[in-house]
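Student: Residue numbers (my numbering): 38 to 219. First, the structure itself, so that you have it in front of you.
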């Protein structure tokens, strides 16, 4: 497996990955999430052109099995979406994508990775906590994160408990930290 920038022709495959990654939500009583449409091609292209759309590619055909899109928000790189096809789950694909994003954040001088996620879905907040992310309190939310949460609420995602999480980006050769932003 290798992590690399997404190619323009791969964006429909990223939508397919998103649809497949959403299917398990149906089995835990979140059918609306399972049926949610993936990011539009123009949205994925915007992230790709900005250099913040990466794929985990596997096999001899170098086909994407997962992807991550992110954007800078208040001094951190905010992970807008990370999805792995269920056929490639539990193989470290998501972890590798997040490590790549952390490396990119460090190169850009950003202090942390942030994300929003479902609090009680096993492959969401509990997974990120195992990777060193910590849940932010309401008082720790930056203006940008508050805006993201408001957009999510407007989209109906607050029907289920959601949290903002953060992990510090380590300096070269370091390990992630969960220190709050200054």
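Beta carbons are placed, not taken as given, at the ideal position from N, Cα and C, and that holds for glycine.
1. Pick helix, strand or coil for residue 38, following the three-state DSSP scheme.
2. State the CB to CB distance for the pair residue 185 and residue 153, rounded to an integer number of angstroms; the pair is presumed to be in contact (CB under 8 Å).
3. Report the residue from 59, 89, 165 whose alpha carbon sits nearest the alpha carbon of residue 44.
4. Consult DSSP for residue 69 and reduce its assignment to one of helix, strand or coil.
5. What do you get for residue 187, buried or exposed, if any count of 16 or more other CB atoms within 10 angstroms of its CB means buried?
6. Which first and last residues belong to the alpha helix (DSSP H) in which residue 130 is found?
7. I'd like to know whether the C-beta atoms of residue 134 and residue 113 end up nearer to each other than 7 Å.
8. Reducing DSSP to helix, strand and coil, say where residue 87 ends up.
9. Consult DSSP for residue 205 and reduce its assignment to one of helix, strand or coil.
10. Pick helix, strand or coil for residue 74, following the three-state DSSP scheme.
11. From this set, 151, 39, 91, which residue's C-alpha is nearest residue 97's C-alpha?
12. Could you spell out the range, first to last residue, of the beta strand (DSSP E) harbouring residue 100?
13. Exposed or buried, which one is residue 141 when buried takes at least 16 other CB atoms within 10 Å?
14. Taking C-alpha atoms, which residue in 67, 66, 77, 41 lies nearest to residue 53?
Tutor: Reading from the atomic positions:
1. The answer is coil: DSSP assigns residue 38 none of H, G, I, E or B.
2. With 8 Å as the limit, residue 185 and residue 153 qualify as a contact, their Cβ atoms being about 6 Å apart.
3. Between residue 44 and the set 59, 89, 165, the nearest pair of CA atoms involves 89.
4. The answer is helix: DSSP assigns residue 69 an H, G or I state.
5. Exposed is the call here.
6. Residue 130 -> alpha helix (DSSP H) spans 130-144.
7. No, the pair does not count as a contact, with Cβ atoms beyond the cut-off.
8. Coil.
9. Residue 205 falls in the strand class under three-state DSSP.
10. DSSP places residue 74 in coil when its eight states are reduced to three.
11. The shortest Cα separation from residue 97 among 151, 39, 91 belongs to 39.
12. For residue 100, the enclosing beta strand (DSSP E) has its first and last residue at 100-110.
13. With 16 or more other Cβ atoms within 10 Å, it is buried.
14. The residue with the shortest Cα to Cα distance from residue 53 is 77.
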